[in-house]
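Enquirer: Those letters in the sequence shown? Residues 1 to 529, by the working numbering. Even glycine gets a Cβ: it sits at the ideal position worked out from N, Cα and C. On a predicted model such as this, the values are computed, not experimentally measured, just so you know.
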Amino acid sequence: MVVPELRPWRAARPHVVRIADAVRPRLGRTAAVAKPRIARLARAGKAQVARVTRVTRPKTWHYTAGATTAGLALAAGVVTSAGPWDSSGQRTAERDRAAALGRAGGTDHGRAPGASAQPRPAPSAGPVLSGLGGVSTVKSAPDGKALAKTLTPLLKDPALGPRPAAAVVDVTTGRRLYGTGSDTALTPASTTKIATAVAALSAMGADHRLTTRTALEPDTKEVVLVGGGDPTLTAREASDGWASLRTLADRTAAALAQRGVRDVTLSYDTTLYAGSQKHPIGVNPNLALVSPLMADEGRTDDSTSGPVTRVTDPAADAARRFGDLLKARGIKATSPGPSKATTRAKTLATVASPPLSALVERMLTDSDNDIAEALARQTAITTGHRADFAGADRAVNARLRKLGLPVKGAAFKDGSGLNRADRLTADLLTALLAKAADPAHPELRPALTGLPVAGFTGTLTSRYTDGAAGVVRAKTGTLTGVNTLAGTVVDQDGRLLAFAFMANNTTNPAAAQKALDKAATTLAACGCR
Numbered sequence: 001m002v003v004p005e006l007r008p009w010r011a012a013r014p015h016v017v018r019i020a021d022a023v024r025p026r027l028g029r030t031a032a033v034a035k036p037r038i039a040r041l042a043r044a045g046k047a048q049v050a051r052v053t054r055v056t057r058p059k060t061w062h063y064t065a066g067a068t069t070a071g072l073a074l075a076a077g078v079v080t081s082a083g084p085w086d087s088s089g090q091r092t093a094e095r096d097r098a099a100a101l102g103r104a105g106g107t108d109h110g111r112a113p114g115a116s117a118q119p120r121p122a123p124s125a126g127p128v129l130s131g132l133g134g135v136s137t138v139k140s141a142p143d144g145k146a147l148a149k150t151l152t153p154l155l156k157d158p159a160l161g162p163r164p165a166a167a168v169v170d171v172t173t174g175r176r177l178y179g180t181g182s183d184t185a186l187t188p189a190s191t192t193k194i195a196t197a198v199a200a201l202s203a204m205g206a207d208h209r210l211t212t213r214t215a216l217e218p219d220t221k222e223v224v225l226v227g228g229g230d231p232t233l234t235a236r237e238a239s240d241g242w243a244s245l246r247t248l249a250d251r252t253a254a255a256l257a258q259r260g261v262r263d264v265t266l267s268y269d270t271t272l273y274a275g276s277q278k279h280p281i282g283v284n285p286n287l288a289l290v291s292p293l294m295a296d297e298g299r300t301d302d303s304t305s306g307p308v309t310r311v312t313d314p315a316a317d318a319a320r321r322f323g324d325l326l327k328a329r330g331i332k333a334t335s336p337g338p339s340k341a342t343t344r345a346k347t348l349a350t351v352a353s354p355p356l357s358a359l360v361e362r363m364l365t366d367s368d369n370d371i372a373e374a375l376a377r378q379t380a381i382t383t384g385h386r387a388d389f390a391g392a393d394r395a396v397n398a399r400l401r402k403l404g405l406p407v408k409g410a411a412f413k414d415g416s417g418l419n420r421a422d423r424l425t426a427d428l429l430t431a432l433l434a435k436a437a438d439p440a441h442p443e444l445r446p447a448l449t450g451l452p453v454a455g456f457t458g459t460l461t462s463r464y465t466d467g468a469a470g471v472v473r474a475k476t477g478t479l480t481g482v483n484t485l486a487g488t489v490v491d492q493d494g495r496l497l498a499f500a501f502m503a504n505n506t507t508n509p510a511a512a513q514k515a516l517d518k519a520a521t522t523l524a525a526c527g528c529r
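#1: Using alpha carbons as the reference points, say which of Asp207, Ala189, Asp393 and Val264 lies closest to Leu225.
#2: Quick check on Val471: does DSSP put it in helix, strand or coil?
#3: If I follow the unbroken alpha helix (DSSP H) through Lys221, where does it start and stop?
#4: Identify, in the order they occur along the chain, each residue of the same chain with its Cβ nearer than 8 Å to the Cβ of Thr383, setting aside the five sequence neighbours on each side.
#5: Using the C-alpha atoms, what's the distance from Leu348 back to Gly409?
#6: In angstroms, rounded to a whole number, what distance separates the CA positions of Tyr178 and Arg529?
#7: Can you look up Arg463 in the DSSP assignment and give me helix, strand or coil?
#8: Near Arg163, which residues of its chain fall below 7 Å by C-beta distance, leaving aside the five closest residues on each side in sequence?
#9: Alpha carbons only, please: which of Thr480, Val489 and Thr478 is nearest the one belonging to Ala469?
#10: Check the C-beta distance from Ala387 over to Gly330 and give it rounded, since I have them as a contact under 8 Å.
#11: With distances taken Cα to Cα, identify the nearest neighbour of Thr211 among Thr342, Pro354 and Asp183.
#12: Mapping DSSP to helix, strand and coil, what is Phe499?
#13: Can you give the Cα-Cα distance for Pro442 and Arg310, rounded to whole angstroms?
#14: Tell me where the alpha helix (DSSP H) around Thr457 begins and ends.
#15: Any contact between the stretch 145-157 and the stretch 364-378? By contact I mean 3 or more CB pairs, one from each, below 8 Å.
#16: Please say whether Ala486 and Val360 have beta carbons closer to each other than 8 Å?
#17: For Ala345, which of Leu216, Val472 and Pro336 has the nearest alpha-carbon?
#18: In whole angstroms, what separates the C-alpha of Pro285 from that of Gly306?
#19: Is Gly181 helix, strand or coil by DSSP?
#20: What did DSSP end up calling Val351 once you bin it into helix, strand or coil?
#21: Pull the bridge partners of Arg209 from the DSSP assignment, please.
#22: Closest by CA to Val168, which one among Ser462, Val290, Leu432 and Ile281?
#23: State the DSSP-derived secondary structure class of Ala372, mapped to helix, strand or coil.
#24: When burial is assigned at 16 or more other CB atoms within 10 Å of the CB, is Ala421 buried or exposed?
#25: Assuming Ala328 and Ala295 make a contact with CB atoms under 8 Å, what is their CB distance in whole Å?
#26: Can you tell me whether DSSP reads Val396 as helix, strand or coil?
#27: Does at least one heavy atom of the ligand PLP sit under 7 Å from the Cβ of Leu287?
#28: Residue range of the alpha helix (DSSP H) that Leu151 falls in?
#29: Taking the alpha-carbon of Lys221 as reference, which of Ser267, His208 and Asp313 has the nearest alpha-carbon?
#30: Out of curiosity, what's the CA-to-CA distance linking Thr533 and Leu460?
#31: As a quick exercise: from Thr172, Arg495 and Leu418, pick the residue whose alpha carbon is nearest that of Ser367.
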């Protein structure tokens, strides 16, 4: 049985105000210290190239991420071309202090004022943002022995099972500061999504969009709805910036009217993907069948995230809804059936998803399994692998290997982490985070900006209500007997650290979660010198 990710989808305004007020003084102090260094470090960081060095005994991986921003703020010349960053390398939408004290967080909760139909990225808390500004150069990294003395007793908590694994890396230098069982491949649960994010961004780029189209077969008046693998396609009246099936119907009806066509045979094409649509866990409320054509993730209610009953055939459901939309626009359409658009078919209309960066952020913030499986398949397609579970496994592994990451022992049997056969190491998880912070790879940064912020967004909204709220930013992972947490913290000295804590064979999920949160909170509070 799979235990779904926790569903803390609401955060009360007074709670957010209290946390924001608590972290404001620390933000001010760190920002004041860092300001004179930012310009100088930005120039130095441009020329820095990441490298990975293996030290044989003990096994330690170094990921040089660049001193420019403690690995999170990108060099000014690089970030300008990477997307919506301001001159300091901070994502523009993140400046709005957890955006605020009166708006809900998460990537799929509306859009920023004045934005042109783009989903608002997950807001960040003050200390998380201070970590984006280069303050990790204020003091040296924590001492490894002191860190071990602090963390080791916490990781011996019986709630974490017999042999938990952990790794802590200094993001600026890429040096591993602490590790226990860090090269042991364990079941990662949803922290797998970090690997999926990095592989997809590496293969396709942060600006890539997924296109759904309609095509008209010549002489037959057959209109084919062609699935492009966009899991965020929506049929709702308010599209909130995602690709709209209603818009596609508008454009298709107009194109048909121009041709004098008012009566069509409707079909749908799902041939972009190969193999079984059913995930190895079977029918499950945590995800729909893996199909290149679906509307609203096949959900049977008005939810946008979390587990819910799904339609039995997402592609047929999307095509049926599209047919109804065409009829409402004066185009008579038959009941749809499966088909394949030929090379002779003429494209009538298209709609495109937001950029991949937005999809990755939504996937990580909400732990969205449907997006994760779609991005794994898209990675396979882009890199020339078969678009099924096995092909996605090979594609993700190959992309990470190409980035120089330690993939030994890793297995990516799906993109979401719902498959218990997935295997990752704590070393790989911290390496992924450090690589995403590397100024040489600005396209990977959404793998960090999408991480939930403790006490503020996504799956961490109701966690860390004291101590490390706004300081920890991490991806959660939960299956029966599996509890994991991987992300970043800004420690007491303003140093940005990447961490991964992995526990298998746990028996009490609540106690295991509490133990992981305590370890991350302690890491954030530790100067450890």
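Expert: Checking against the coordinates, here is how it stands:
#1: Position 225 of the sequence shown, counting from 1, holds the residue named residue 225. Answer by Cα proximity: Val264.
#2: Looking up residue 471 in the sequence shown gives position 471. DSSP places Val471 in coil when its eight states are reduced to three.
#3: Sequence index remark: in the sequence shown, residue 221 carries index 221 (1-based). Looking at the DSSP string, Lys221 is not in any alpha helix (DSSP H), and its letter there is neither H nor E.
#4: Looking up residue 383 in the sequence shown gives position 383. Contacts found: Ala203, Ala395, Ala398 and Arg399.
#5: On the sequence shown, residue 409 is found 409 positions in, with the first residue counted as 1. On the sequence shown, residue 348 is found 348 positions in, with the first residue counted as 1. In a straight line, the C-alpha of Gly409 is about 47 Å away from that of Leu348.
#6: The residue labelled residue 178 in the question sits at position 178 within the sequence shown. The residue labelled residue 529 in the question sits at position 529 within the sequence shown. So the alpha carbons of these two residues sit roughly 13 Å apart.
#7: Within the sequence shown, the letter at position 463 stands for residue 463. It is coil, neither helix nor strand.
#8: Walking along the sequence shown from the start, residue 163 turns up at place 163. Closer than 7 Å at the Cβ level, and outside the excluded window around Arg163, lie Gly181.
#9: Position 469 of the sequence shown holds residue 469. Ala469 has its Cα closest to that of Val489, out of Thr480, Val489 and Thr478.
#10: Against the sequence shown, residue 387 aligns to sequence position 387. Against the sequence shown, residue 330 aligns to sequence position 330. Not quite, the Cβ-Cβ distance comes to about 36 Å (not below 8 Å), so this is no contact.
#11: Mapped onto the sequence shown, residue 211 falls at position 211. Nearest of Thr342, Pro354 and Asp183 to Thr211, Cα basis: Pro354.
#12: Locating residue 499 in the sequence shown gives position 499, where the first residue counts as 1. Note: Phe499 maps to strand in three-state DSSP.
#13: By one-based count along the sequence shown, residue 442 stands at place 442. By one-based count along the sequence shown, residue 310 stands at place 310. Going from the Cα of Pro442 to the Cα of Arg310 covers about 36 Å.
#14: Looking up residue 457 in the sequence shown gives position 457. Note, Thr457: premise wrong, no alpha helix (DSSP H); not H, not E.
#15: no
#16: Position 360 of the sequence shown, counted from the first residue, corresponds to residue 360. Position 486 of the sequence shown, counted from the first residue, corresponds to residue 486. No, Cβ-Cβ distance for Val360 and Ala486 is not below 8 Å.
#17: Working through the sequence shown from its first residue, we reach residue 345 at position 345. When only C-alpha atoms are compared, the closest one is Leu216.
#18: Position 285 of the sequence shown, counting from 1, holds the residue named residue 285. Position 306 of the sequence shown, counting from 1, holds the residue named residue 306. Cα to Cα, the separation comes out at about 8 Å.
#19: As a position in the sequence shown, residue 181 is number 181, starting the count at 1. Correct three-state label for Gly181: coil.
#20: Position 351 of the sequence shown holds residue 351. Here Val351 sits in strand by DSSP.
#21: Residue mapping note: residue 209 aligns to position 209 of the sequence shown, counting from 1. According to DSSP, Arg209 bridges with nothing at all.
#22: If you number the sequence shown from 1, residue 168 lands on position 168. Looking at the Cα atoms, Leu432 is the closest of the given residues.
#23: Against the sequence shown, residue 372 aligns to sequence position 372. Reduced to three states, the DSSP call for Ala372 is helix.
#24: The sequence position of residue 421 within the sequence shown is 421, counting from 1. It counts as exposed.
#25: Sequence index remark: in the sequence shown, residue 328 carries index 328 (1-based). Sequence index remark: in the sequence shown, residue 295 carries index 295 (1-based). Incorrect: roughly 15 Å between the Cβ atoms, too far for contact.
#26: Taking the sequence shown and counting its residues from 1, the one referred to as residue 396 is at position 396. Reduced to three states, the DSSP call for Val396 is helix.
#27: Among the components of this structure there are no ligands whatsoever, and the ligand PLP is therefore not found.
#28: As a working note, residue 151 is residue 151 in the sequence shown. Element bounds for Leu151: Gly144 to Leu155.
#29: Here residue 221 refers to the residue found at position 221 of the sequence shown. Among Ser267, His208 and Asp313, the Cα nearest to that of Lys221 is on Ser267.
#30: The chain is shown only over 1 to 529; residue 533 falls outside these bounds and no answer can be derived.
#31: Counting from one through the sequence shown, the residue named residue 367 turns up at place 367. Considering only alpha carbons, the answer is Leu418.
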